[in-house]
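All remarks here apply to the structure that follows.
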Amino acid sequence: MAYFEELSIWQQAKELTKGVYEMMQDSRDWGFRDQIQRASVSIMNNIAEGSEIGSTQAYIHFLNVAKGSCAEVRSMLYLCGEFGFCSAEQQQRMSDLCRMISAGINNLIRYQQGNQHN
């Protein structure tokens, strides 16, 4: 298996996290800012942690947690747009990236599940 840094979903999650931090850098809504930043970091960290855990079942668990965090970020992006924390274009771009990451995680989960039966 590749190192987690080589996984496109981890690289995309890192790009998303950088975007979230840049978008929220001037926000004074500390609670909201903290939550969306933590959720974005959770995506990349759960992909990384799961890849090093050594058990396929545990890896799948961490990937599912990452997928959940991806949905959390996407949900919060709607509020970012409504609260004026980001432009409509930023919201759309990051939401699309979340969907792409989530689909990639889903593909990796299916791949891992297929390897469990071999």
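Residue numbers (my numbering): 952 to 1069. Cβ coordinates follow ideal geometry from the N, Cα and C atoms, glycine included.
Asked	Found
Element boundaries [alpha helix (DSSP H), containing Y972]	S959 to M975
Classification of K969 by the beta-carbon crowding that lies within 10 angstroms, buried from 16 upward	exposed
Rounded Cβ spacing between I1052 and I960 (contact assumed at less than 8 Å)	5 Å
Best match in S1002, G1001 and M975 for proximity to R989 [C-alpha to C-alpha]	M975
Distance between Q963 and V1016 (C-alpha atoms, nearest Å)	16 Å
For R989, the three-state DSSP class (helix, strand or coil)	helix
Length of the line joining the Cα atoms of D1047 and S1006	30 Å
Where S1020 sits in the DSSP three-state scheme	helix
Sequence-distant residues of its chain with Cβ nearer than 6 Å to F1036 (five each side left out)	S978
Residue closest to A1054, alpha-carbon to alpha-carbon, out of I994, S1002 and E957	I994
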